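Written below as structure tokens is the structure these notes are about.
There are 2 protein chains.
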Amino acid sequence: MSEQITEKQRNALEFIQKEINERGRPPTLREIGSRIGVSSTNGVRYVLDALERKGYLERSPMLSRGIELTSRSMPRTEQAKMRLVPVLGRIAAGMPLLAEQNIERHVTVDRSIAKSDDTFALSVRGDSMIDAGIHEGDVIFARPQNSADSGDIVVALLGDEATVKYFKPQGDRVLLEPANRYFSPIIIEKGTPGFRILGKVVGLMRKI
Amino acid sequence: MSEQITEKQRNALEFIQKEINERGRPPTLREIGSRIGVSSTNGVRYVLDALERKGYLERSPMLSRGIELTSRSMPRTEQAKMRLVPVLGRIAAGMPLLAEQNIERHVTVDRSIAKSDDTFALSVRGDSMIDAGIHEGDVIFARPQNSADSGDIVVALLGDEATVKYFKPQGDRVLLEPANRYFSPIIIEKGTPGFRILGKVVGLMRKI
DNA sequence: AAATATACGGAACATCCGTTCATGTGTCAA
DNA sequence: TTGACACATGAACGGATGTTCCGTATATTT
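As they're listed, the protein sequences go chains V and S. If you count the first sequence from 1, position 185 lands on 185 in my numbering, and the numbers rise without skipping. If you count the second sequence from 1, position 179 lands on 387 in my numbering, and the numbers rise without skipping.
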């Protein structure tokens, strides 16, 4: 499968990738030929046969421009590696978290941070988590979940205000602990109405 | 320009978008026709004429699958709010900064952070900037420039080691100041060989 | 040396595919 | 009604494009 490819084959493959990316359609045999310096369509066919045999592309017989790239030679790495994440603003109580009206804007972020497709984001207000390296204005990314492990940094909803804190359950209470010695922990009795864990913080992004 | 399009035209446009996205090539007139329920190629041609007139696509005459989408009809998620940024590893002295061999991997990031297209990234090693909220393992983004203003956070090259520090020029010396009271500033005499400012830090990304 | 495989060139062929033309349908205004 | 126009069918035409067949040149193998 993972065989070596020749210079000519690599040229052809790169040309095909470029054409699909820039023009939205694969080239014809003759177009490929004139690019890689092969004058007969049969020569090009030969090159494509080799690339297909080695698993870099697939062809549909008797179809004009019937070349498809396989995942290994996909130039769409750009698309695949990113995710469009909604940034929440004020959160209207009672609405689903990702309701249109809660969404302020969208940011793109690498999938290594936004692993699940329901990841959401939040602009940080205030300095309460500064000792955890979370500053005012940072955009934090969170994975939705309604509980968390002790010590996790979570996004919690208090009324219609979302807040970022360390999560510390203590018996029948929950401590939301800031990372700033000038701030006091928030103590929540279990079952307090309007209190909810929205998710666990999994990443952050900062403009400096 | 911004005219209304009919149901049939919208169907055709969406089908074309889908085909280009999923198969990497535009459909033929007959393929479009069978999808939108128009049996003659001339009927399809009529629909495409309308879409071209209204600015949703462009066609190359006498070319199989010669349809190109204009920017306005690109699906939104691809509408590149993002940028693919190279993450540098060890930096080989004497090589251009973005030389292939310096690049460890790529990450996608929102354009609001990577504004210029020569933005580069770096994995942070060590805790020397922790009081600036820059932690070990963070990926920082920098815009290339060979000088900076006092107080800027910069990426500097010392030999083949890149380091992130506050930039504080002092007469004929340069102070590279850490944001950690347990670390000492680095003092560089002007003209020291192997010393170079690589860029100014403009953003960061963290996986938690 | 003979045989075989690789890597093309060149031309004929068959199919694909956009274009054109002749010919309806409806709808709407004059 | 009449005529103009938007929208479609169907068929025929011709250029675009993949396929096939035959040949050649070089290298590798037997």
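Glycine is no exception: its CB is placed at the ideal position from the N, C-alpha and C atoms. Remember, predicted model here, so these are calculated numbers, not experimental data.
- Taking a contact as a CB-CB distance under 8 Å, the pair V:V107 and S:D368 does not count as one, their CB atoms being some 34 Å apart.
- Excluding residues up to 5 positions away in sequence, E52, E68, T70 lie with their Cβ nearer than 7 Å to the Cβ of V:E58 in the same chain.
- For the segment 228 to 249 of chain S, the set of positions with a beta-carbon nearer than 8 Å to some beta-carbon of chain V reads I228, R231, G232, R233, P234, T236 in chain order.
- Among the residues of chain V, none has a CB under 7 Å from the CB of S:E266; the nearest is roughly 11 Å distant.
- Residues of the segment 99 to 113 of chain V whose Cβ lies closer than 9 Å to any Cβ of chain S, in chain order: H106, V107, T108, V109, D110, R111, S112, I113.
- One finds K415, I416 in chain S with Cβ atoms closer than 8 Å to the Cβ of V:V202, taken in chain order.
- Counted as a single uninterrupted DSSP element, the stretch harbouring S:K289 is not any alpha helix (DSSP H), since DSSP gives it neither H nor E.
- In this structure S:F403 is not in contact with S:I395, their Cβ atoms being roughly 11 Å apart against a cut-off of 8 Å.
- With fewer than 16 other Cβ atoms from the protein chains shown falling within 10 Å of its own Cβ, V:S147 counts as exposed.
- In the DSSP annotation of this structure, V:A148 is not part of any beta strand (DSSP E), being labelled neither H nor E.
- Identification of chain V residues near S:I361 by a Cβ-Cβ cut-off of 9 Å yields I208, ordered along the chain.
- S:S268 counts as exposed, since fewer than 16 other C-beta atoms from the protein chains shown sit within 10 angstroms of its C-beta.
- For V:D110, the beta-bridge partners assigned by DSSP are V:M82.
- Residues of chain S whose Cβ lies closer than 8 Å to the Cβ of V:K81 are, in chain order, L292, H314, V315, T316.
- The criterion of a C-beta distance shorter than 8 Å is not satisfied by V:V139 and V:L198.
- At a cut-off of 8 Å between beta-carbon atoms, S:L277 makes contact with chain V.
- Under the three-state reduction of DSSP output, S:G274 falls in the coil class, being neither helix nor strand.
- Contact of S:S272 with chain V is assigned, a C-beta pair being separated by under 8 Å.
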